[in-house]
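Worksheet: the structure to be examined is printed underneath.
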Amino acid sequence: MSGRVIVVGSVNVDLVATVERLPAPGETVIGGRFAQHHGGKGGNQAVAAARLGAPTSFVGAVGADVFGEQARSALEAEGVDVTELQTLADQATGIALIFVDAAGENSIAVASGANAALTPADVDSAFERLRPTKGDVVLVGHEIPTATATEALRLGRLRGATTIFNPAPAMGVTTAMLALADIVTPNEVEATELLAVEGGRDGMSPAALARLAGGGHVLVSLGDRGAQLVGKDGSWPIAALQVAVVDAVGAGDTLNGALAAGIAAGTSVTEAARRAVVAASLAVTRAGAREGMPTGQDLEAALAR
Numbered sequence: 003m004s005g006r007v008i009v010v011g012s013v014n015v016d017l018v019a020t021v022e023r024l025p026a027p028g029e030t031v032i033g034g035r036f037a038q039h040h041g042g043k044g045g046n047q048a049v050a051a052a053r054l055g056a057p058t059s060f061v062g063a064v065g066a067d068v069f070g071e072q073a074r075s076a077l078e079a080e081g082v083d084v085t086e087l088q089t090l091a092d093q094a095t096g097i098a099l100i101f102v103d104a105a106g107e108n109s110i111a112v113a114s115g116a117n118a119a120l121t122p123a124d125v126d127s128a129f130e131r132l133r134p135t136k137g138d139v140v141l142v143g144h145e146i147p148t149a150t151a152t153e154a155l156r157l158g159r160l161r162g163a164t165t166i167f168n169p170a171p172a173m174g175v176t177t178a179m180l181a182l183a184d185i186v187t188p189n190e191v192e193a194t195e196l197l198a199v200e201g202g203r204d205g206m207s208p209a210a211l212a213r214l215a216g217g218g219h220v221l222v223s224l225g226d227r228g229a230q231l232v233g234k235d236g237s238w239p240i241a242a243l244q245v246a247v248v249d250a251v252g253a254g255d256t257l258n259g260a261l262a263a264g265i266a267a268g269t270s271v272t273e274a275a276r277r278a279v280v281a282a283s284l285a286v287t288r289a290g291a292r293e294g295m296p297t298g299q300d301l302e303a304a305l306a307r
């Protein structure tokens, strides 16, 4: 029987301008196209896991506004359990302002809103009702307060679930958070920042990354180069699919959600990571953080090629 995925993190509405090139500081770039999408790393990760068939619950907060109503409905439409998604009357729903250039690269600014008001006590209450246990996966992001993310990791481990920590953003991440994670999933920039905090002086070497992992694993996403999985027993490169990149915004979130779904289904970390990288490759072929996220059928077809 498959375990559940419980995502603790952010949910936003993404306001996206697609432009020829990203504006420099103080510069206005004219001629772009505008679109509105649903996002937030936590919400995206929950959708990615649910699309792949994992029973998925989301713990987070939105504001009492139209964006919050839309965000809740979008998660429900994907089959995500939102009983622990709070609506906060005194907060606005989180908003992400995103620029995407012609090559699919992006820059993002986030107004956190209700995400920043999610407390450790909220997580305690949610976990008391959800009751994660062995076989489940607790996936925690860092677009919520550090204390709240730490509590989610602590409770996930205490209850016997596999804990995955996506340290995005890396600023403010503590060694205690890393120690509470069975798998840490930074991108290349975040891994470099975390290694600096940890005090490493040997760059992105497997030995340095293994120190971040403690007794678990680190999966470093490397964009179109795939990912590097590091654990106490070694280091394994994982190649990405060669695809035409349209929009890279949701790739990392897809990787995290797919990784959680794979582990909840009972696959090994190595196999779950391989499947997650392929899922992330598929996600960049369409515009929008969630629009390109594959279904289980899509993923199996890509793996069979």
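Position 149 of the sequence shown, counted from 1, bears residue number 151 in my numbering, the numbering being contiguous throughout. We put the CB at the ideal spot given by N, CA and C, even for glycine. Just so it is clear, the structure is predicted and the values come from calculations on it, not from any experiment.
In this structure, what does DSSP give as the bridge partners for Pro239?
Note: Pro239 sits in a beta bridge opposite Gln230.
According to DSSP, is Gln93 part of a helix, a strand, or is it coil?
Reduced to three states, the DSSP call for Gln93 is coil.
Taking Ala281 as the reference, give the member of Gly290, Ser270, Gly252 with the closest Cα.
Looking at Gly290, Ser270, Gly252, the one whose alpha-carbon comes closest to that of Ala281 is Gly252.
Are the region 167-178 and the region 272-280 touching by the rule of at least three beta carbon pairs closer than 8 angstroms?
Under the Cβ criterion (8 angstroms, minimum of three pairs), the region 167-178 does not count as touching the region 272-280.
So Gly259 and Ala50 are supposed to be a Cβ contact under 8 angstroms. How far apart are they, rounded?
The C-beta separation of Gly259 from Ala50 comes to about 3 angstroms, placing the pair in contact by the 8 angstroms criterion.
Please classify Ile240: is it buried, with 16 or more other beta-carbons within 10 angstroms of its beta-carbon, or exposed?
Buried, because 16 or more other Cβ atoms sit within 10 Å of the Cβ of Ile240.
Applying the 10 Å Cβ sphere with the 16-neighbour rule, what's the burial state of Glu29?
Looking at its Cβ environment, which holds fewer than 16 other Cβ atoms inside 10 Å, Glu29 is exposed.
What are the residues that DSSP puts in a beta bridge with Gln38?
Partner residues in the beta bridge of Gln38, as assigned by DSSP, are Leu17.
Paired residues, beta bridge with Leu99 - DSSP:
Leu17, Ala111.
Exposure of Val10, with buried meaning 16 or more beta-carbon neighbours within 10 Å:
Val10 should be labelled buried.
Quick one, are the C-beta atoms of Gly33 and Val21 less than 8 angstroms apart?
Taking C-beta atoms as the reference points, Gly33 and Val21 count as a pair closer than 8 angstroms.
Could you tell me which residues DSSP puts in a beta bridge with Ile185?
Note: Ile185 sits in a beta bridge opposite Ile166, His219.
Report yes if the CB atom of His40 is closer than 8 angstroms to the CB atom of Ala66, and no otherwise.
Contact: no.
Within 10 angstroms of the Cβ of Pro27, are there 16 or more other Cβ atoms? Answer buried if so, exposed if not.
With fewer than 16 other Cβ atoms within 10 Å, it is exposed.
Under a three-way DSSP split, which group does Ile146 fall into?
In this structure, Ile146 counts as coil in the three-state DSSP scheme.
Distance CB(Val286)-CB(Val248) smaller than 8 angstroms:
With contacts defined by Cβ atoms closer than 8 angstroms, Val286 and Val248 form a contacting pair.
Thinking C-beta only, is Thr165 closer than 8 angstroms to Ala140?
For clarity, residue 140 is Val in the given sequence; the question names Ala instead. Contact: yes.
Taking 8 angstroms as the CB-CB cut-off, is Ala209 touching chain D?
Among the chains of the structure shown, chain D does not appear; only one protein chain is present.
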